[in-house]
Amino acid sequence: MFQKYRSISDVLSLSSLNKSRHDAMVGRLLVVRRSTLMLDIRADLPSCPVKPVKIVWNKTQDGHVPDLTSKYLNGQLLIEEVETSDTIAIDHTRQQCLLFSTFAREHRALFNLVVPFGDEWRARSQLAAWGIFAGVVGI
18 MFQKYRSISD VLSLSSLNKS RHDAMVGRLL VVRRSTLMLD IRADLPSCPV KPVKIVWNKT
78 QDGHVPDLTS KYLNGQLLIE EVETSDTIAI DHTRQQCLLF STFAREHRAL FNLVVPFGDE
138 WRARSQLAAW GIFAGVVGI
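Each residue of the sequence shown is one higher than the one before, starting from 18 at the first, in my numbering.
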């Protein structure tokens, strides 16, 4: 069965190791996107000078900053959110995925949930349980 956490604070108690894993995955994704000729690549990393734009709900202006955004040569936006094995099934991830998936659908963009290799099936199952449409990428 999946390890389940009630909230982001449950996971953040694992904090520094989890943050290091997360940032390493964002860094690998950044290298991949640069090598595939994506444009306007923005990553939410201290070493990246240009950060992704916060995506918000129109009614409340509440929102989240994706881990990485980039554009295909045709200008289509790709939004990517990275989760570690420990954060795939938490409510904070559900909130982010719902927002990013809705934004992608409304703006003809694409949204990927990026997880560690081997956890793709868990991510797909969790997204299906939440009723959220997204691509899943292992890294």
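Cβ coordinates follow ideal geometry from the N, Cα and C atoms, glycine included.
Just to confirm my understanding: we take residue i, look at its own chain, exclude 5 residues before and 5 after, and list those with CB closer than 7 Å. What are they?
i    : result
A151 : C114, S118, F128, N129, L130, L144
If you follow the beta strand (DSSP E) that residue i is in, where does it begin and where does it stop?
i    : result
F117 : Taken as a continuous stretch (DSSP letters only), F117 belongs to no beta strand (DSSP E), being part of the alpha helix (DSSP H) at 108-123.
S87  : 85-88
Q58  : Strictly speaking, residue 58 in this sequence is Ile, with Gln absent from that position. Element bounds for I58: 56-60.
I96  : 94-99
N129 : 127-132
V153 : 152-155
Following the continuous alpha helix (DSSP H) through residue i, name the residue where it begins and the one where it ends.
i    : result
N75  : Neither: N75 is in no alpha helix (DSSP H) and is coded neither H nor E.
V43  : 32-52
E137 : 137-147
With a Cβ-Cβ cutoff of 8 Å, do residue i and residue j count as a contact?
i   : j    : result
D57 : K88  : yes
K68 : V49  : no
W7  : R111 : Any question about residue 7 goes unanswered here, given that the chain covers just 18 to 156.
L54 : L90  : yes
Taking the beta carbon of residue i as the centre, do at least 16 other beta carbons fall within 10 Å, making it buried, or is it exposed?
i    : result
S37  : exposed
E123 : exposed
L116 : buried
V99  : buried
L95  : buried
V43  : buried
L46  : buried
Between residue i and residue j, how many whole angstroms is the CB-CB distance? I'm expecting something under 8 Å.
i   : j    : result
L72 : F120 : Sequence check: residue 72 is Ile here, not Leu. 5 Å between Cβ atoms; contact.
Quick one: residues in its chain with C-beta nearer than 6 Å to the C-beta of residue i, no 5 flanking neighbours on either side, listed in chain order?
i    : result
E137 : V153, G155
R141 : V153
C65  : none
Looking only at its own chain, which residues have a Cβ that is under 8 Å from the Cβ of residue i, when we skip the five neighbours before and after it?
i   : result
F19 : Residue confidence for F19 is low, a pLDDT of 42 falling below 50, so the modelled location carries little weight and cannot support an answer.
Q93 : R125, A126, L127
Give a yes or no on whether 8 Å exceeds the smallest Cβ distance from residue i to chain C.
i    : result
Q113 : This model lacks chain C altogether; it includes just one protein chain.
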